Structures are given as structure tokens and as C-alpha cells.
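In short: position in the sequence shown from 1, add 452, done, that's the working numbering. Beta carbons are placed, not taken as given, at the ideal position from N, Cα and C, and that holds for glycine. None of the values given here were measured: they were computed from a predicted structure.
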Amino acid sequence: MAWKDVFSYVRAVAANKGVTKGGTRADDDVPLGARIGSVVQIQMSPIIRAQTNGSLIAMPAAADTRILAVSQIRLQPGMELNPVELYRLYLDKGDDAADEKFLQVFCGDDGKVAEVLYCTQLARVVPETADDQDAYTGVAGYGLGDAGYTLWREQLADMLGAQELATVFGESDRLDYTRDAGTRDAQFVNPFKGRETRIDDAQGQHGLRQEMYFMPYVRQLADGGREYLLITTEIVESVDGDAGKRGIHVDFVIGIPVEQERIVIQ
Numbered sequence: 453m454a455w456k457d458v459f460s461y462v463r464a465v466a467a468n469k470g471v472t473k474g475g476t477r478a479d480d481d482v483p484l485g486a487r488i489g490s491v492v493q494i495q496m497s498p499i500i501r502a503q504t505n506g507s508l509i510a511m512p513a514a515a516d517t518r519i520l521a522v523s524q525i526r527l528q529p530g531m532e533l534n535p536v537e538l539y540r541l542y543l544d545k546g547d548d549a550a551d552e553k554f555l556q557v558f559c560g561d562d563g564k565v566a567e568v569l570y571c572t573q574l575a576r577v578v579p580e581t582a583d584d585q586d587a588y589t590g591v592a593g594y595g596l597g598d599a600g601y602t603l604w605r606e607q608l609a610d611m612l613g614a615q616e617l618a619t620v621f622g623e624s625d626r627l628d629y630t631r632d633a634g635t636r637d638a639q640f641v642n643p644f645k646g647r648e649t650r651i652d653d654a655q656g657q658h659g660l661r662q663e664m665y666f667m668p669y670v671r672q673l674a675d676g677g678r679e680y681l682l683i684t685t686e687i688v689e690s691v692d693g694d695a696g697k698r699g700i701h702v703d704f705v706i707g708i709p710v711e712q713e714r715i716v717i718q
């Protein structure tokens with residue numbers, strides 16, 4: 453996949469290269485053999501097990517069976533992430549006030565898939581002040597990139613039912629996550645910074661580009677499994693090639709590891 457500014461790419465060279473006439477697709481060479489429109493089957497047992505052991509992960513909806521968009525996140529030079537390449541396969545793009553659901557795929561230097569997370573959006577907030585933006589981008593030297601992050605029971609009381617709250621929190625009033633980057637004793641680590649190019653159709657004519665600041669946090673579930681809290685500040689730069697469509701928001705996403713063998717994409 454070229455992963456250029458796909459919008460200007462299509463407009464400039466589609467006629468010459470036959471992009472819209474059965475030639476090269478914009479979603480070629482995506483990991484797991486995925487393409488936009490591919491049917492996805494995920495074994496539910498890892499998700500059910502995670503929920504039973506207190507995870508905030510959401511089950512896929514009945515309609516979450518096709519890949520609606522694919523993206524690659526390119527890190528700013530000097531940023532180190534292991535594995536080194538990061539892709540998202542969207543089952544729900546989160547448009548029209550819906551919650552995002554996607555498979556986050558990590559690949560190594562050899563291009564092979566190293567890890568897959570099944571991810572569901574927990575919440576989206578909009579920073580209202582410059583101070584909030586500085587904290588959510590880590591520019592202030594605190595906030596996103598701190599050694600830990602806590603979700604409080606009262607924060608989720610309106611989002612979860614009584615039984616769900618009991619399963620997730622037990623007798624506690626908090627969930628504590630630890631930063632999954634940098635040295636453990638560092639009070640603050642600069643967030644990862646990159647740019648996501650999301651393609652919503654095979655020709656690359658629809659989609660978005662956005663700047664991202666993100667940090668993964670992790671906690672251990674009751675059975676010893678891992679649950680990730682991915683906090684990402686997204687600064688939208690263009691939608692369908694229109695640079696006038698801009699915005700900023702912060703996504704709180706829950707992710708759990710899923711073995712590659714439990715995912716079938718056709």
C-alpha cells in the first residue's frame with residue numbers, strides 16, 4: 453500500500469494509472485489479507501472470557517462483520533514502537549456518534565503480524581481549553597504519558613449497568629492502569645506521535661487523515677489476562693480530502709489481545 457495522501461493521489465493520477473478501472477487498489481497489502489468489504493469472523497471465547505474476568509471490552513454487534521475501512525499509523529521519526537508498524541481494520545468507524553470497533557494489528561520489521569488487539573471505544577471527549585489540549589497531547593509535560601491512569605467507578609456509572617459495574621469493579625471504586633511504554637520508574641514519558649491515514653473505499657477517494665498523540669496503558673484481569681486502555685488524542689486534518697473539515701477529540705479505547713488463529717478474514 454502506498455499510504456500517501458490518498459485523496460490527492462487519486463485525483464492526480466487515477467486517470468493515468470487506472471486506479472478506478474480495475475488497477476491497483478488503495479487497500480492492497482493490508483495485514484491478514486484484509487480488504488475493505490472483507491468478511492470478518494472473530495471467535496467470541498476470548499472476548500467472553502475477558503468480560504467474565506472484569507474487562508470493559510464490548511462484544512461485536514451483529515452488524516460488525518465487515519471491514520468498513522483500513523488505516524495505517526505512521527510514527528513521527530525518532531519515535532520507537534515495538535513492533536514497528538501499526539494498522540487498524542475498522543468494523544465500525546465511529547461516525548454518526550457510533551462507537552469505534554477495530555482490530556489493531558502490529559507488524560514487525562519483517563512485515564509479519566506480531567500481535568492483534570480487538571478494540572472497542574469506551575468514551576470520546578473533546579478538550580475544551582488550551583490547558584486540556586496540552587495535557588492530552590503531553591505538551592505540558594504531564595497528562596498523557598503519566599506513569600498511570602485511573603478510571604473511577606462513578607465515571608462509568610451512567611455507561612454500565614449494576615451487574616456490569618459489579619463484574620468490572622468488584623468492591624473497588626477504581627481501575628488502575630500502568631503505562632505500557634518507557635521505563636517503569638519514569639513519572640512521565642512523551643506520548644507516541646504519528647499520523648493516521650484511513651481509507652474508506654477501495655479507490656481511496658473517501659477517508660480521513662489525522663495527527664495522533666497516543667499512549668497505551670495496561671492492567672491485569674482476574675484471570676491474569678491483559679486489558680489495554682489506549683488513550684489517543686486525534687487532530688483531524690482532512691475528511692474525504694477536504695482540509696476544511698477539522699477537529700480534535702480524545703478517544704478512550706479498550707483492547708484485548710486475540711490470537712491470530714481466532715480471526716478469519718475472507
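Whole-angstrom distance between residue j and residue i, CA atom to CA atom
| i | j | result |
| --- | --- | --- |
| A549 | R678 | 28 Å |
| T684 | P643 | 9 Å |
| D516 | Y542 | 9 Å |
| Q672 | D692 | 39 Å |
| A638 | D586 | 19 Å |
| G707 | A513 | 16 Å |
| G597 | D632 | 10 Å |
| Y539 | E616 | 30 Å |
| R626 | R605 | 6 Å |
| P579 | G506 | 29 Å |
| G485 | A674 | 34 Å |
| D610 | M667 | 25 Å |
Residues near residue i in its chain [Cβ-Cβ closer than 6 Å; skip 5 each side]
| i | result |
| --- | --- |
| L681 | Y629 and Y669 |
| I715 | I494 |
| V710 | P498, V568 and Y570 |
| M664 | G646, E648, T684 and E686 |
| R661 | T649, E689 and S690 |
Spatial neighbours of residue i in its chain, beta-carbon cut-off 7 Å, leaving aside the 5 residues before and after
| i | result |
| --- | --- |
| G699 | V688 |
| A521 | I488, Y542, K545, R650, I651, D652 and G659 |
| G767 | The chain is shown only over 453 to 718; residue 767 falls outside these bounds and no answer can be derived. |
| Q718 | S490 and V491 |
| G590 | L596, G597, N642, P643 and Y665 |
Minimum C-alpha distance to residue i - residue among the options
| i | options | result |
| --- | --- | --- |
| R477 | F554, L603, D653 and D625 | D653 |
| M511 | R540, S490 and K553 | K553 |
| D703 | F640, S624, K545 and P709 | K545 |
| L603 | A575, G693 and G489 | A575 |
| Q607 | V577, G590, R650 and R636 | V577 |
| G600 | F640, V492 and P483 | F640 |
| G563 | V536, V492, L612 and F666 | V536 |
| I519 | K697, Q556, P529 and M496 | Q556 |
| V705 | D551, A609 and G613 | D551 |
Proximal residues to residue i (C-beta, below 8 Å), its chain only, five neighbours per side dropped
| i | result |
| --- | --- |
| Q503 | I509, M511 and T619 |
| D583 | A592 |
Assigned exposure category for residue i - 16 Cβ within 10 Å defines buried
| i | result |
| --- | --- |
| Q657 | buried |
| T635 | exposed |
| K473 | Bear in mind that the predicted position of K473 carries a pLDDT of just 45, short of 50, making it unreliable; the figure below should be weighed with that in mind. Label assigned to K473: exposed. |
| I500 | exposed |
| P483 | buried |
| T572 | buried |
| Q712 | exposed |
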